[in-house]
Amino acid sequence: MPRHPMIAPSLLSADFARLAEETARIADADWVHVDVMDAHFVPNLTLGEPVVKAIQAVSPVPLDCHLMITDPERWAPAYAELGAHNVTVHAEACTGDPRDLAKDLRAAGAKAGLALKPGTPLEDYLEVLRDFDTLLVMSVEPGFGGQSFMPEVLGKVREARRLVDTGHLDLLVEIDGGINADTIEAAAEAGVDMFVAGSAVYGAADPGAAIAGLRAQAARAIAP
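Each residue of the sequence shown is one higher than the one before, counting from -9 in the numbering used here.
1) Could you give the DSSP three-state label for residue 0: helix, strand or coil?
2) If we count the other Cβ atoms within 10 Å of its Cβ and call it buried at 16 or more, is residue 101 buried or exposed?
3) Tell me the rounded alpha-carbon separation between residue 192 and residue 11.
4) Using 8 Å as the threshold, is the region 11 to 24 in touch with the region 49 to 59, meaning 3 or more CB pairs across them?
5) Distance, Cα to Cα, residue 14 vs residue 185?
6) Tell me the DSSP bridge mates of residue 76?
7) If you drop the 5 nearest sequence neighbours on each side, which residues of the same chain put their C-beta closer than 6 Å to that of residue 180?
8) On a Cα-Cα basis, can you pick out the residue from 76, 71, 209, 17 that is closest to residue 43?
9) Excluding the 5 residues preceding and the 5 following residue 177 in the sequence, name in chain order all residues of the same chain whose CB lies nearer than 6 Å to its CB.
10) What residues are listed by DSSP as bridge partners for residue 26?
11) Is residue 187 near residue 204, with beta carbons less than 7 Å apart?
12) On the three-state DSSP scale, how would you describe residue 13?
13) Count the other CB atoms within 10 Å of the CB of residue 152; is the residue buried (16 or more) or exposed (fewer)?
14) What span of residues does the alpha helix (DSSP H) with residue 175 cover, start to end?
15) Between which two residues does the beta strand (DSSP E) harbouring residue 163 extend?
16) Taking contact to mean 3 or more Cβ pairs, one atom from each stretch, closer than 8 Å, check whether the region 105 to 114 and the region 85 to 97 are in contact.
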């Protein structure tokens, strides 16, 4: 099937005092990426359920909640119940079988995503990923915005793309970290479907134009 690159601007780069307006500025995006950090799994602290609920009420595009939190089995289903379209948990944070959590997320109405840190091997989760809808490959260490892209993770993306294309996995390949005009083409060529972009969108004078430009760049990179 032809691939259509998708863009998910990250609210981590938005103005937290104006989140309703900031989501309105990216109405042409495919998803809006919402980073939930708990100051335990990662050292930073961002936002939680009440703020996500408020964003969900006004967002013109589906929410992509990326939970960088401990004990996701306890907390993640609530984000699905709030109406998030996709809820991603970290493989490294799961204490039980991630497939059980995937079932809970789907039962609550969301797509289930599994995130892998840059150093986490894809091979360790191949069977688990059969029960997920999204694979989020981290191209920076989770916890902070504005980090530089780590090209060494593209081997992981290529293998995930191969497994999807050959029918061994059925999921969306997403990447998060350092995606901008300089890096999106390499990520697209490696096999990414959904690109999380923070400052490349929210740091632009016209976020809508930035989204269109990134999407076009990725499409050119995978054009036959």
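Yeah, the Cβ is synthetic: ideal placement off N, Cα and C, and Gly gets one too.
With the given structure in hand:
1) DSSP places residue 0 in strand when its eight states are reduced to three.
2) Residue 101 is buried by the Cβ-count criterion.
3) Approximately 12 Å between the Cα atoms of the pair.
4) The region 11 to 24 is in contact with the region 49 to 59.
5) Using only the alpha carbons, I get a separation of about 19 Å.
6) DSSP links residue 76 through a beta bridge to 54, 101.
7) Answer for residue 180: 144, 147, 148, listed in chain order.
8) Minimum Cα distance to residue 43 is reached at 71.
9) Closer than 6 Å at the Cβ level, and outside the excluded window around residue 177, lie 165.
10) Per DSSP, the beta bridge partners of residue 26 are 57.
11) Annotated as proximal: residue 187 and residue 204, with beta-carbon spacing under 7 Å.
12) Note: residue 13 maps to helix in three-state DSSP.
13) Exposed.
14) Residue 175 -> alpha helix (DSSP H) spans 174 to 180.
15) Run containing residue 163: 162 to 166, per the beta strand (DSSP E) assignment.
16) Contact between the region 105 to 114 and the region 85 to 97 is absent, because fewer than three Cβ pairs lie under 8 Å.
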